[in-house]
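Report on one structure; see the data block that follows.
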Amino acid sequence: MNNAPDGGTVPIRRSAMGASRKQAKTSVLADRIERYGLMVAWAALIVVFGLLKPGTFFTWGTFSTILGSQSVLVIITLGLIIPLTANDFDVSIASMTTFSSMTIAVLNVNHQVPIGWAIVVALASGLALGFVNGFFIIVFRIHSLIITLASGTFLHGLTLWMSDSMTISGVDQRLIDFVIVKRILGVPLEFYYAILIATVIWYLFEFTAIGRRILFVGRGREVAHLSGIDTDHVRWGCLIASAALGALAGVLYTGTQGAADPVSGASYMLPAFAAAFLGSTSILPGRFNPWGSTVAVYFLVTGITGLIFLGFSSFIQDVFEGSTYCRVCYGGRRHGHLPLSPTRWPTSVCCWSN
Amino acid sequence: MDRATTSIDRATGGPSAASALVLYNLSKTFGGQRALDQAALDVREGEVHGLLGQNGSGKSTLIKILAGFHAPDPGSSLSLAGEIVSLPLAPGAFRRYRISFVHQHLGLIPSLSVVENLLINRLATEAHWAISWSQERAEVATLLQRYDIDIDPRVDVMSLAPVERALLAIVRAVREIDETAKTGIGKGILILDEPTPFLPKRDVDRLFAVVRAIVAGGASVIFISHDVDEVMEITNRATILRDGRVVGTLDTPTSSKSAFIEMIIGRKLNAYGRGTMEDKQKGQAIRIERLVGGSVTDFSVDLRPGEVLGLTGLIGSGYDEVPYLVYGAKPAAAGTIDVGTGSRPLANASPSRSIAAGVVLVPADRPNAAVINQLPVVDNVTMPMLDDPFSRWRLDRRGMTARTGELSTRFEVVPNQPALPVSALSGGNAQKVVLAKWLQRAPKLLLLDEPTQGVDVGARQTVYRHVAQAAAAGTSVLCASSDYEQLELICDRVLIFAQGRVIAELADGELTKDAIAQQCYLGSAPTTSEDVS
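Just so you know, the protein sequences line up as chains F and W, in that order.
Take the first sequence: its letter number 30 is residue 354 in our numbering, and every next letter is one higher.
Take the second sequence: its letter number 311 is residue 302 in our numbering, and every next letter is one higher.
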C-alpha cells in the first residue's frame, strides 16, 4: 500500500490507461456491478420470493413490515458507521439502545414521567455515554474497542438493575402512534425517521468539510493531525454521535414494542456491525456509507422474511446472515475494498496491547 | 581507496570472473506499452552490480521477471551460473539458483521476535513437530555475530531501529542463500531492491559493511537504488535503465557522478540560481528565538522573506527536529516564533495554529505523515483548504477537482488524475502532491524535512524548482536535510548543528558540499579538530 519510490507500477498503470476501449468498458461494468450489486441482489430476492409465494410475499403488508420493522437496526448501523469511519469502534451502542429504551419505560410507566421528558432524558443519557466513552479514549489513549466494551457491559448491568430484569410494558400510546401507528403510503413513520437520518449522514459524509475530516482522521490520523485537523475532537464528536443515535434507536424500539426488554440489545449488536461492513462493499465500495448500510439491512431482512414465508424456521436467520456476510465481504476484500482490511488491522491490534 | 583498487581488479577481472547472471534481449510489454525493451544485464560472481534508473525505467519489472512474477516477452533469454534457464521462471524457481530478494518493505513482521522473523521461511516450508527455541536462538546469534550485527535475537522487530530491520532482512536473505549451498546452483545472488532510502548516511555505511562481507564470500549482489552516491560507493559496476532500455553499463571506479546522472536522466544537470540577496532583504523577517526541545538545546534564527535556509548536522545533532518543533508536531520546551504578526510561544504550538499563522510542514515520512495513500489526490491536496473556499453549505466537489487538476499541472504530477489514489503515484509524484497541498496556501514559512527522500533524480529537479519558485514569491524556507549536495544546490545559507545547537554557518562562496561535510564532521568531534589544527 505504501508508495514505492521505485515506480514498478508505472508501466502497468500506463498500460491500464492506454488500454483498449473494450477493457475500459469492462472495468466500468465491473465497477457498476460492485456498486449496485447489493441492490440488484435485493431486487432479485424480492422477485424470486414474489414468484414462489405470490399470494403472501407480494403484498404491500409484507413490504411495509419489512421496511418498518427494521428501523431500529438501521439507525444503530448508521450510528456505528460514524466512529468506524474515524477508525474507532463503538460496541456499546446496542447496550445504549436497550438502556435508553428501558429509561423511557421506567420513567414513563413506573414513575409517571411525561413521555416527552422521558425521551429527553433517554437522549441525554446517550450524549453522556458518548462523552464518557470519548473521555477515556481520547484523554487516556485507550483503544475504543476496550472502552466501549467496558461501558457497554456497565450499561447492560445498569439496565438489568433498573428493570429487575423484567420487561416493562404500558408505555404512553402517543409514542407508539408516532413510531408505528401513523403511516405514510402504508409504511410506519419510523421507516422515514431512519431514511431521514441516513440522508443527513450521507450529506455529512459527502458534502461537508466535517465529513471529509472524519474520513481523514480514520484513514491517516497522523496526516490529519499534521494537516491541522483536531483529530481528538473529531473522534470525540463521532463517539458522541454514535451513542446519541444508539439512544434514539432505543426510543424507536420502545415505540415499536410499546415496551422495553432488558436483553433486546444483544440481538442487534452483531447484525449492526455486519450490516455496516456489508454496506461498505456497495454504493461507495471501500467506505462505510449510509445508503450501503441501509440497503444491507433491508437486503438481509428481505431474505430472512422470504425464507420464513417459504416455511423455514427461525434458525434460518443466522444461517442466511452469516453466509451472506462471508460471501459478500470476501468479494469486497478481494477487490481491496473493505475499509478495515486485514492490512489495516495491525495498528488497531498494537493499540490494544499498548 | 583500498576498496577502489579491489573493485577495479574485480571489474576488469578477466576470465576468473565468471558470470553469475546474464540477461539478454529481455522485453516485457504491458498492454501495448513496453516496460522493458531488449534489456541486457551481466552480473559477475563476487561483484556488487548497481541497477539505476528513474521511476518507470523498468528496474522493478526486471526484478519481478527474475522473481517469476512477470513472464517476459518471447525471445528473451536468461542464463544463471552458466546454465541456460527457460523463461518464464516459475514463481519460486529462483531459490534453486540461490537467488534471494530483499524488497524495500523488507517483509518483516514487527510484532514477532527477531528469531521468529528469521524462521518464517523455514516454518512455512518444513513440518516441525517441535521447535527448539534455545537452539534456534543460538544459531541466530551466531549468524548475526558473523556480520557484526549487535541485536538481541529475543526482542521484537518492532523495537529495532530502521537500519537494524534492514540488516535483519538482508541477513535473512543471506541465510536463505546459505541454506541452499548444497542443493542449489551457482554461488548465490542477493537482490537488494532499494534498501536504503529511509536510512541516514551512517546507517547506510553499516549496511554496506554487510554487503561487502557477502560478496567477499563469492556471492553477487544486485543493488537497486536511486542514490547515485550510494551506488558509486558500493558497486563495482552499474547498469543504467531509461524508458525500458539499457543506456549502458558503467565501471563505477572510473566513472564520474555526472556521467551517472546524465545517463539516468538523459540530460545535463542545471544548477538552481539563487535570487540576489538584495531582493531577499526586503520585508519583515521571520524570527525564531531560543527554541529548546527534543535534542535541540538552543536555537535562534532570523529568516528573510524568500530565503532558503538549510539545517544539517550528523545524526542526533538535533537539526532534523527543528521543523517539527517549530510546527508544533513535537512539543517544544521553550522558544518563540514571530512570523510578522507578533511573537508566539512555541511551547503551545500546534499544527492548526501554525497553519493559521502561515507556517506549513513537509515531513520526511511521506507515507505515514504527509499523504493518505489510499485516498485520491484530490482529497489529499484539498485537505488543508476545506474551510475555504470549498465549504459554505456544501463542499464544492467539482471545484475541488478542478483546483487539484490545475495544481497537478502546475506541479507536474504525472498522471494528472485527481481521482487516482496517491498510492498509484511514484514517490516523486507523491512528493509533488505534498508540495501542491501546502504551497497553494502561499505560506510565509515552509518547513521541509528531507524533501527528496525516496524521490528519483528527475523528480528531485522538479521539487527543487518548486521550492525555488515559492521562495521567489516570498516564502521563507527552512530545510533540514542530510543531503549536502542538495543543500548546496538550493540554500542561500546553511546552519550546521552539533549537540543540539548551531556550530557553524555557511553562505555565499563558502557554501559547498565539501565545506558542509567538513563542518559536520568537525563539529561532531571537537577534540580531533583541535588536534588537527
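Backbone N, C-alpha and C fix where the C-beta goes; we use that ideal spot for every residue, glycine too.
Keep in mind that this is a model prediction, so the values were computed, not measured.
Beta-carbon proximity list for residue i, same chain, < 8 Å, skipping 5 on both sides
i	result
Arg545 (chain F)	Asn411, Thr555
Phe430 (chain F)	According to the sequence as given, residue 430 (chain F) is Val; it is not Phe. Counting only Cβ-Cβ distances below 8 Å, and skipping sequence neighbours, we find Met486, Ser487, Ile492, Ala584.
Ala464 (chain W)	Gly297, Ala433
Glu269 (chain W)	At Glu269 (chain W), the pLDDT of 48 sits below 50, so the modelled position is not reliable; the number obtained from the coordinates is stated separately. Excluding residues within five positions, none has a Cβ falling inside 8 Å.
Leu260 (chain W)	With a pLDDT of only 48 at Leu260 (chain W), under the threshold of 50, the placement of this residue in the model should not be trusted, and no figure is reported.
Cβ separation of residue i and residue j, assumed to be a contact under 8 Å, to the nearest whole Å
i	j	result
Thr448 (chain F)	Asn432 (chain F)	Per the sequence shown, residue 448 (chain F) should be read as Ala rather than Thr. Not quite, the Cβ-Cβ distance comes to about 15 Å (not below 8 Å), so this is no contact.
Ile428 (chain F)	Ala446 (chain F)	5 Å
Trp560 (chain F)	Ile462 (chain F)	5 Å
Met363 (chain F)	Val558 (chain F)	31 Å between Cβ atoms; not a contact.
Ile213 (chain W)	His40 (chain W)	5 Å
Ser77 (chain W)	Asn16 (chain W)	About 14 Å separates the two Cβ atoms, so there is no contact after all.
Ile525 (chain F)	Pro614 (chain F)	4 Å
Leu53 (chain W)	Leu80 (chain W)	The pair is not a contact, with the Cβ atoms about 12 Å apart (cut-off 8 Å).
Gly630 (chain F)	Phe381 (chain F)	6 Å
Nearest to residue i (by Cα), restricted to the options the options
i	options	result
Ala132 (chain W)	W:Met149, W:Ala152, W:Arg163, W:Val154	W:Arg163
Glu167 (chain W)	W:Ile75, W:Ile180, W:Ala338, W:Tyr318	W:Ile180
Leu99 (chain W)	W:Ala355, W:Asp147, W:Gly83, W:Ala498	W:Asp147
Val485 (chain W)	W:Gly301, W:Ala30, W:Gly37, W:Ala229	W:Gly301
Val444 (chain F)	F:Phe644, F:Ala571, F:Ser395	F:Ala571
Leu525 (chain W)	W:Thr303, W:Arg344, W:Val201, W:Arg236	Residue 525 (chain W) cannot be examined here, being either before or after the span of chain W that is shown, -8 to 524.
Arg193 (chain W)	W:Ser473, W:Ile487, W:Ser417, W:Arg86	W:Ser473
Leu569 (chain F)	F:Phe373, F:Leu397, F:Gly494	F:Leu397
Leu624 (chain F)	F:Ile538, F:Glu645, F:Thr578	F:Glu645
Lys55 (chain W)	W:Pro82, W:Ala72, W:Leu12	W:Pro82
Lys173 (chain W)	W:Ala204, W:Arg87, W:Ser70	W:Arg87
Leu576 (chain F)	F:Ser425, F:Ile417, F:Thr401	F:Ser425
Leu550 (chain F)	W:Glu441, W:Arg344, W:Arg145, W:Val405	W:Arg344
Phe601 (chain F)	F:Thr483, F:Phe540, F:Val524, F:Ser617	F:Ser617
Gly582 (chain F)	F:Gly481, F:Gly494, F:Leu376	F:Gly494
Ala320 (chain W)	F:Phe423, F:Ala548, F:Val621	F:Ala548
Val361 (chain W)	W:Gly333, W:Leu439, W:Glu312	In the sequence as displayed, the identity of residue 361 (chain W) is Ala instead of Val. Comparing Cα positions, the closest option is W:Leu439.
Spatial neighbours of residue i in its chain, beta-carbon cut-off 6 Å, leaving aside the 5 residues before and after
i	result
Asp505 (chain W)	none
Phe199 (chain W)	Ile225
Leu415 (chain F)	Checking the sequence, you will find Val at residue 415 (chain F) rather than Leu. If we look at Val415 (chain F) and ignore the five residues flanking it on each side, its Cβ neighbours are Thr472, Leu473, Gly476.
Pro512 (chain F)	Gly392, Ile504
Asp370 (chain W)	none
Ser395 (chain F)	Glu514, Phe515, Ala518, Leu576
Ile277 (chain W)	Leu294, Val330, Leu436, Ser467
Lys506 (chain F)	Leu513
Sequence-distant residues of the same chain with beta carbon closer than 7 Å to residue i, five excluded per side
i	result
Leu316 (chain W)	Leu282, Gly284, Gly285, Val287, Ala323, Leu337
Gly44 (chain W)	Lys50, Ile231, Leu232, Arg233, Ile255
Val372 (chain W)	Thr395, Leu398, Val424, Ala427, Lys428
Met149 (chain W)	Pro101, Ser102
Exposure of residue i, with buried meaning 16 or more beta-carbon neighbours within 10 Å
i	result
Met490 (chain F)	exposed
His435 (chain F)	exposed
Phe455 (chain F)	exposed
Glu501 (chain W)	exposed
Glu514 (chain F)	buried
Ile521 (chain F)	buried
Ser588 (chain F)	buried
Glu74 (chain W)	exposed
Leu563 (chain F)	buried
Ala518 (chain F)	buried
Ile90 (chain W)	buried
Gly264 (chain W)	Note that Gly264 (chain W) has pLDDT 48, beneath the 50 cutoff, so the model's placement of it is unreliable and no number is given.
Pro153 (chain W)	exposed
His96 (chain W)	exposed
Asp501 (chain F)	exposed
Gly440 (chain F)	exposed
Lys248 (chain W)	exposed
Ser125 (chain W)	exposed
Phe639 (chain F)	exposed
Val541 (chain F)	buried
Review point. At a Cβ cut of 9 Å, what residues of the stretch 380 to 405 of chain F count as close to chain W, listed as they run along the chain?
Key: none
Check your understanding: According to a CB-to-CB cut-off of less than 9 Å, which residues of the stretch 542 to 554 of chain F neighbour chain W?
Key -> Arg543, Gly544, Glu546, Val547, Ala548, His549, Leu550, Ser551, Gly552, Ile553, Asp554
Exercise for review: Give the residues from the stretch 573 to 604 of chain F that approach chain W closer than 8 Å (Cβ to any Cβ), ordered along the chain.
Suggested key: none
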